[in-house]
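When we follow our numbering, the leftmost residue of the sequence shown carries the number 0, and every step to the right adds one. Structure first, commentary second.
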Amino acid sequence: MRTLREIPALREALGDARRRGDRIALVPTMGNLHDGHLALVAAARERAEVVIATIFVNPLQFGAGEDLDAYPRTLEDDQARLEAAGCDLLFAPDTATVYPRGLEAQTRIVVPEVTEGLCGASRPGHFDGVSTVVGMLFNLVQPDLACFGEKDYQQLAVIRRMVADLHFPIEIVGVPIVRAEDGLALSSRNGYLDGAQRATAPELHRTLCALRDALEGGAEIAPSLEEGLGRLHQAGFTPDYLELRAADLGPVTATTREAVLLAAARLGPTRLIDNLTLTLPR
Ligand code: PAF
Numbered sequence: 000m001r002t003l004r005e006i007p008a009l010r011e012a013l014g015d016a017r018r019r020g021d022r023i024a025l026v027p028t029m030g031n032l033h034d035g036h037l038a039l040v041a042a043a044r045e046r047a048e049v050v051i052a053t054i055f056v057n058p059l060q061f062g063a064g065e066d067l068d069a070y071p072r073t074l075e076d077d078q079a080r081l082e083a084a085g086c087d088l089l090f091a092p093d094t095a096t097v098y099p100r101g102l103e104a105q106t107r108i109v110v111p112e113v114t115e116g117l118c119g120a121s122r123p124g125h126f127d128g129v130s131t132v133v134g135m136l137f138n139l140v141q142p143d144l145a146c147f148g149e150k151d152y153q154q155l156a157v158i159r160r161m162v163a164d165l166h167f168p169i170e171i172v173g174v175p176i177v178r179a180e181d182g183l184a185l186s187s188r189n190g191y192l193d194g195a196q197r198a199t200a201p202e203l204h205r206t207l208c209a210l211r212d213a214l215e216g217g218a219e220i221a222p223s224l225e226e227g228l229g230r231l232h233q234a235g236f237t238p239d240y241l242e243l244r245a246a247d248l249g250p251v252t253a254t255t256r257e258a259v260l261l262a263a264a265r266l267g268p269t270r271l272i273d274n275l276t277l278t279l280p281r
């Protein structure tokens, strides 16, 4: 696997692949790779001749007071994991390469509607940073397809909407959440949890599972969500939101069948997110 740091080298390497007529799959990441990321690489590997991963801790998607400086940077380990997973190319630029005029002067992509509420409410500007960097990577790599994890359900919806609205000729592949044995969704931020917090963390998934079962069994939505919030508080979380939305993130109506439960909650300073899809009864 070759690691490329600069845009001209990236363009040259991809030009060779394109001339051969190879299908190119992109796996954008911020590094500190775990099995969830490797599932993205595996999904890409199944679908394309050339797999390119990117590692860039994108400052544009972190708000003031968030964990940009603390975010784990583990490039050597990540390179070894990507290579073992069959990745062909890694693009790992520095901030000045991506944003040569600085963050303030950067042209941005702003996706409306689907960015409202949920993580968009508690992390203002976050999705503008995500769509801007992902749009830029799409432009640089011009992949045939790109793989994203379903753990970041709203992010995936934002990217799908951006691709549709800007007519990017790119297939977006959503890859199911990878969980630890106790149900905790894998995340680079799990590494911030101390022993006691790590033991509590799976309660987020367990709460979503209990709610799913109740709602699929016909329980009323509002009281069920109240109960779920109570359960999270009791376990030691500070919930940010716990919501039921239609699968496209629109509001749940009388005719909604395919729906998704979405939660974000803090354990100490660590913010965890998770989601679970479900089918509402008629
Ligand atoms: O999901 C992530 O790791 C990031 O938000 C992404 C998509 C790589 C953009 O920086």
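We treat Cβ as the ideally placed atom computed from N, Cα and C, and that holds for glycine.
Next on the checklist: Less than 8 Å between the C-beta atoms of I51 and I23, yes or no?
Outcome noted: yes
Item to check | Residue burial classification, R100 (beta-carbon count within 10 angstroms, cutoff 16) | outcome: exposed
Checklist entry - Out of curiosity, what's the CA-to-CA distance linking G249 and D143? => result 28 Å
Next on the checklist: Using only the alpha-carbon positions, how far apart do A258 and K150 sit?
Outcome noted: 15 Å
Next on the checklist: What does the Cβ neighbour count give for Q60, buried or exposed, with the cut at 16 atoms within 10 Å?
Outcome noted: buried
Checklist entry - According to the neighbour-count rule (16 or more other Cβ atoms, all chains shown, within 10 Å of its Cβ), is H232 buried or exposed? => result exposed
Item to check | Residue environment, N31, which counts as buried when at least 16 other CB atoms sit within 10 Å | outcome: buried
Checklist entry - If you run the structure through DSSP and keep just helix, strand and coil, what is D273? => result strand
Checklist entry - Residues in its own chain within less than 7 Å of V157 by CB, not counting five upstream and five downstream? => result V110, V113, T114, F126, V129 and S130
Item to check | Through-space distance from I176 to C301, alpha-carbon basis | outcome: Because the chain in this structure spans residues 0 to 281, residue 301 falls outside the shown range and cannot be described.
Checklist entry - What does DSSP give as the partner residues of L3 in its beta bridges? => result F90
Checklist entry - Nearest CA to the CA of A47: which residue from C146, T28, L136 and T2? => result C146
Checklist entry - What is the C-beta distance between P58 and L89, in whole angstroms, given that I count them as a contact (C-beta under 8 Å)? => result Contact flag wrong, Cβ pair sits at about 20 Å.
Checklist entry - Taking the DSSP output, what are the residues bridged to C146? => result V172
Item to check | Top-ranked residue by Cα proximity to D76, from D34, G216 and L241 | outcome: D34
Item to check | For A213 and E5, the rounded distance between their alpha carbons | outcome: 51 Å
Item to check | C-beta atoms of L203 and L271 nearer than 8 Å | outcome: yes
Next on the checklist: Closer than 7 Å to a non-hydrogen atom of the ligand PAF - does that hold for the CB of C147?
Outcome noted: Note on identity: in this sequence residue 147 is Phe, with Cys being the wrong assignment. Because some heavy atom of the ligand PAF lies under 7 Å away, the Cβ of F147 counts as near it: yes.
Checklist entry - Which ranges does the alpha helix (DSSP H) cover as unbroken runs of at least 4 residues, wholly within the stretch 43–98, from first to last along the chain? => result 74–83 and 94–97
Item to check | Chain-ordered list of residues that sit, by beta carbon, closer than 6 Å to a heavy atom of the ligand PAF | outcome: P27, T28, M29, N57, Q60, V129, V132, V133, D151 and Q154
Checklist entry - Going by DSSP, what residues sit across from V259 in a beta bridge? => result R244 and T276
Next on the checklist: By the DSSP assignment, the alpha helix (DSSP H) with I108 in it spans what residues?
Outcome noted: Note, I108: premise wrong, no alpha helix (DSSP H); not H, not E.
Item to check | From G173, N189, G62 and L67, residue whose alpha carbon lies closest to that of A179 | outcome: N189
Item to check | Other residues of its chain near G267: CB distance less than 7 Å, five sequence neighbours each side excluded | outcome: Q196
Item to check | Span separating the alpha-carbon of A245 from that of L261 | outcome: 11 Å
Item to check | Inter-residue Cα distance where the pair is R1 and D273 | outcome: 33 Å
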